[in-house]
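In what follows, a structure is listed as structure tokens, so that the remarks can point back to it.
In our numbering, the protein residues as written are 21 to 503.
Given below as structure tokens:
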């Protein structure tokens, strides 16, 4: 808050207007300079819980180039500043504020390890933390300079050599200059650290800080509760983008628009089968190929996991039809329809929305252009468990009455078409199920006919009446035969 009047006013506002929830600790950052320390103490007056984060750079480069100070002079800078904090927060603590000191040897990763331990021990000597009132020692990778395992080694060295280790909380603060901020933090925790600092989606200086979302969700994916709620990830993204004016990348881990989306045909097929396995209840654990977590855990939808473009195969098409429209197609129909979808995508040059895929399906299998159209029909029960069908069919520009008898409506209609229109056909495959429930429920019939040469033609019919759906599927199949 000492950095600018705006920052100072913001801290005063949230304290004076009681905007800080109970149990939440605010943290303020301050360089090891007396005037800034006093201004920071003024800013946090009246707060219930405060972490006062004091820092000064300790690296060989900054000692030489920026400060022109020896080791001893840098230690004195840190200990003098610690005493100033102690002196200027006595009234704050006496008034009831729970105060914790945090100290960072800035550029820790570029500091000699023995010197980092020495300066932190000196700060502890001034502050005098205890087991019940610990100091936070924050070890920043201010600029990433090596692989994550090296950072972990530096953390382990520090924890093993720090005097009175039990009086300190070892904290991590990684940056992302080499793109391994998360990995360095994960290894640092394994090396003995107990606390971690980061930012929302990694926003910070240069390439940014540790992304707390990625770090926490990595833990979550391994069964470790990070004690952070990400069940409304899209809302978090929306607020972050609104406040920072920085868009979240579509492939940002766990939060990007496409992180649970597969375009590859083989990936889509594996996801589809994995989802079916989960829905079967065979195993309570989440195990779906290519999806490390359940999208619903971050407020996502299974529909988002598969999107179709020219790389997609039958698995992606099947997933879209099932999850958006409730249509489950036989494999043989998918084998026919998938190349059609791929051709449309290649011609369009991009992703196909579900409505486009559905319309292509309707054009190919339901509303099939051809010589035949069902106008009307009547079914009557005959003796000996048989039924008769009288139907009016448009054939090209003519209306034709057809009639037939069979073991059921479909058999009777097929016999009527064969007898009157000289259409030799047999039903090879037949599938019927409900698309939805309630008074407006519709049935879908997927049916294949074969001609005298054994060729198979699929048609699909949809209607609130199951018989009508079946008859429509037969007409669609015949029209596909005549195309």
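Glycine included, C-beta positions come from ideal geometry on N, C-alpha and C.
Since the structure is predicted, the reported quantities are computational estimates derived from the model, not experimental observations.
Checklist line | At least 3 beta-carbon pairs within less than 8 Å: the segment 204 to 211 vs the segment 221 to 229 | finding: Contact between the segment 204 to 211 and the segment 221 to 229 is absent, because fewer than three Cβ pairs lie under 8 Å.
Next item on the list: Below 6 Å CB to CB, which residues in the same chain sit around residue 182 once its five sequence neighbours on both sides are set aside?
Entry: Along the chain shown, one-based indexing puts residue 182 at 162. Excluding positions up to five away in sequence, the list reads 137.
Item checked: Continuous alpha helix (DSSP H) assignments of at least 4 residues falling wholly in the segment 235 to 294 -> For the segment 235 to 294, whole alpha helix (DSSP H) runs of length 4 or above, ordered along the chain, are 253 to 264.
Margin query: Taking the alpha carbon of residue 158 as the reference point, which residue from 390, 435, 141 has its own alpha carbon closest?
Written below: Counted from its first residue, the chain shown places residue 158 at position 138. When only C-alpha atoms are compared, the closest one is 141.
Item checked: Run of the alpha helix (DSSP H) containing residue 134, from where it starts to where it stops -> Stepping through the chain shown from its first residue, residue 134 is reached at position 114. Unbroken alpha helix (DSSP H) run through residue 134: 133 to 147.
Checklist line | Start-to-end residues for the beta strand (DSSP E) that takes in residue 454 | finding: Taking the first residue of the chain shown as position 1, residue 454 is located at position 434. Looking at the DSSP string, the run of the beta strand (DSSP E) that includes residue 454 is 446 to 454.
Notebook entry, point to check: Pick from 342, 76, 279: whose alpha carbon is nearest that of residue 374?
Noted result: Counted from its first residue, the chain shown places residue 374 at position 354. The shortest C-alpha separation from residue 374 is found at 342.
Next item on the list: Write down the C-beta distance between residue 511 and residue 294 rounded to the nearest angstrom, noting that I regard them as a contact closer than 8 Å.
Entry: Coverage of the chain is limited to positions 21 through 503, which leaves residue 511 absent and any answer about it impossible.
Checklist line | Any 3 or more C-beta pairs closer than 8 Å across the segment 461 to 478 and the segment 361 to 369 | finding: Contact fails between the segment 461 to 478 and the segment 361 to 369, because fewer than three Cβ pairs, one in each stretch, are under 8 Å apart.
Check: Can you tell me whether residue 316 is buried or exposed, with buried defined as 16 or more other CB within 10 angstroms of its CB?
Finding: Position 296 of the chain shown, counting from 1, holds the residue named residue 316. Exposed.
Checklist line | Nearest-angstrom Cα separation, counted from residue 268 out to residue 476 | finding: The count along the chain shown starts at 1 and reaches residue 476 at position 456. The count along the chain shown starts at 1 and reaches residue 268 at position 248. In a straight line, the C-alpha of residue 476 is about 49 Å away from that of residue 268.
Next item on the list: Have a look at 424, 350, 143, 116 and flag the residue whose alpha-carbon is nearest the alpha-carbon of residue 436.
Entry: Within the chain shown, numbered from 1, the residue matching residue 436 stands at position 416. Measuring from the Cα of residue 436, the nearest candidate turns out to be 424.
Margin query: Tell me which residues share the same chain as residue 102 and place their Cβ nearer than 6 Å to its Cβ, disregarding the 5 neighbours each side in the sequence.
Written below: Residue 102 sits at position 82 when you count from the first residue of the chain shown. Cβ neighbours of residue 102 beyond the five flanking positions: 143, 146, 147.
Item checked: Boundaries of the alpha helix (DSSP H) in which residue 201 is found, first to last residue -> By 1-based counting over the chain shown, the position of residue 201 is 181. Unbroken alpha helix (DSSP H) run through residue 201: 201 to 210.
Margin query: Would residue 335 and residue 285 be called neighbours here (beta carbons separated by less than 8 Å)?
Written below: As a working mapping, residue 335 is identified with position 315 in the chain shown. As a working mapping, residue 285 is identified with position 265 in the chain shown. It is a contact, given that the beta carbons lie within the stated cut-off.
Item checked: Span separating the alpha-carbon of residue 482 from that of residue 494 -> In the chain shown, the residue the question calls residue 482 occupies position 462. In the chain shown, the residue the question calls residue 494 occupies position 474. Straight-line Cα distance between these residues: approximately 11 Å.
Margin query: Can you give me the C-alpha to C-alpha distance between residue 57 and residue 259, rounded to a whole angstrom?
Written below: Numbered from 1 along the chain shown, position 37 holds the residue referred to as residue 57. Numbered from 1 along the chain shown, position 239 holds the residue referred to as residue 259. Distance between the alpha carbons of residue 57 and residue 259 is about 32 Å.
Note to self: Looking at residue 227: is its Cβ nearer than 8 Å to the Cβ of residue 197?
What the structure shows: Taking the chain shown and counting its residues from 1, the one referred to as residue 227 is at position 207. Taking the chain shown and counting its residues from 1, the one referred to as residue 197 is at position 177. In contact: residue 227 and residue 197 (Cβ atoms closer than 8 Å).
Item checked: Segments assigned alpha helix (DSSP H), at least 4 residues, entirely inside the segment 319 to 346 -> 334 to 345
Notebook entry, point to check: Looking only at C-alpha atoms, which of 487, 486, 491, 111 sits nearest to residue 478?
Noted result: If you number the chain shown from 1, residue 478 lands on position 458. Of the candidates 487, 486, 491, 111, the one whose C-alpha sits nearest the C-alpha of residue 478 is 491.
Note to self: Using 8 Å for Cβ pairs, my map puts residue 449 next to residue 468. What's the rounded Cβ distance?
What the structure shows: Within the chain shown, the letter at position 429 stands for residue 449. Within the chain shown, the letter at position 448 stands for residue 468. Confirmed, Cβ separation roughly 4 Å.
Note to self: Checking 8 Å against the spacing of the C-beta atoms, do residue 230 and residue 216 come in under that value?
What the structure shows: Working through the chain shown from its first residue, we reach residue 230 at position 210. Working through the chain shown from its first residue, we reach residue 216 at position 196. Yes, the pair counts as a contact, with Cβ atoms nearer than the cut-off.
Notebook entry, point to check: With a Cβ-Cβ cutoff of 8 Å, do residue 338 and residue 354 count as a contact?
Noted result: As a working note, residue 338 is residue 318 in the chain shown. As a working note, residue 354 is residue 334 in the chain shown. In this structure, residue 354 lies closer than 8 Å to residue 338 by Cβ.
Next item on the list: Kindly list the residues whose CB is nearer than 8 Å to the CB of residue 419, restricted to its own chain and excluding five residues on each side of it in sequence; keep chain order.
Entry: One-based indexing of the chain shown puts residue 419 at position 399. Cβ neighbours of residue 419 beyond the five flanking positions: 395, 412, 413.
Note to self: Under DSSP, the alpha helix (DSSP H) around residue 351 begins and ends at which residues?
What the structure shows: By one-based count along the chain shown, residue 351 stands at place 331. Where residue 351 is concerned, the enclosing alpha helix (DSSP H) stretches over 351 to 368.
Margin query: If contact is defined by three or more beta carbon pairs under 8 Å, each pair taking one atom from either stretch, is the segment 247 to 256 in contact with the segment 186 to 203?
Written below: no
Notebook entry, point to check: Thinking just about the alpha-carbon of each residue, which of 320, 456, 105 is nearest to the one in residue 279?
Noted result: Here residue 279 refers to the residue found at position 259 of the chain shown. Answer by Cα proximity: 320.
Notebook entry, point to check: Start and end of the beta strand (DSSP E) containing residue 125?
Noted result: As a working mapping, residue 125 is identified with position 105 in the chain shown. Element bounds for residue 125: 118 to 126.
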